[in-house]
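To start, the structure itself, in structure tokens.
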Amino acid sequence: MDDMHIGGLIIPPALIALIRAGKWVPPVREQLYLEVFGEVPEMPYFYNESDLLRQNESWQRMNIQDVFGEVVAGESLGVSPRQSVVIADLGPDMPVILDYRETRKNPRVLYLKFSESPKWVQVAADIQDLIGNLYGAAE
208 MDDMHIGGLI IPPALIALIR AGKWVPPVRE QLYLEVFGEV PEMPYFYNES
258 DLLRQNESWQ RMNIQDVFGE VVAGESLGVS PRQSVVIADL GPDMPVILDY
308 RETRKNPRVL YLKFSESPKW VQVAADIQDL IGNLYGAAE
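See below:
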């Protein structure tokens, strides 16, 4: 399988394999979203290869302030658009991203959660963890 890079960041092979197999799709069961993301999606959309390229071209040019990217101790992990890749949306302004700030080899998965204020929260240690939580360990 060919590597895929976006903005110089390597997309994890497990995600590329799911995308290319047509299996990186929003789960049907609403309860899964509550368990994994803590919220019900509005219009979930999981990106295919062309979506990844198109969406991240503009995402990675955004300023930290435009994406609520500041770290707020105990509240939000923040985000750096240039060191992340958007892989899905659960609805408008509800992105799911791979965060490469801690490691370029095994990025953690963050989600922009809105409660009283927008905050970036970790929803999975890595893409394999997210895949297992969404689709079961068999993927």
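For the sequence shown, position 41 (counting from the first letter as 1) is numbered 248 according to the working numbering, and the numbering increases by one without interruption. Don't be surprised by glycine CBs; every beta carbon is placed ideally from N, CA and C.
Query	Result
Those residues which DSSP pairs with residue 283 across a bridge	279
One or two residues paired with residue 315 in a DSSP bridge	306
Closer than 7 Å to chain D by CB, residue 333	Among the protein chains of the structure shown there is no chain D, as only one such chain exists.
Beta-carbon proximity check, residue 294 vs residue 254, cutoff 7 Å	yes
As assigned by DSSP and simplified to three states, the class of residue 354	Since the first and last residues shown for the chain are 208 and 346, residue 354 lies out of range.
Extent of the continuous alpha helix (DSSP H) to which residue 296 belongs	Premise fails: residue 296 lies in the beta strand (DSSP E), 291 to 296, not in any alpha helix (DSSP H).
Residue burial classification, residue 321 (beta-carbon count within 10 angstroms, cutoff 16)	exposed
Residue burial classification, residue 209 (beta-carbon count within 10 angstroms, cutoff 16)	exposed
Beta-bridge partners of residue 254, as assigned by DSSP	Residue 254 is not bridged to any residue.
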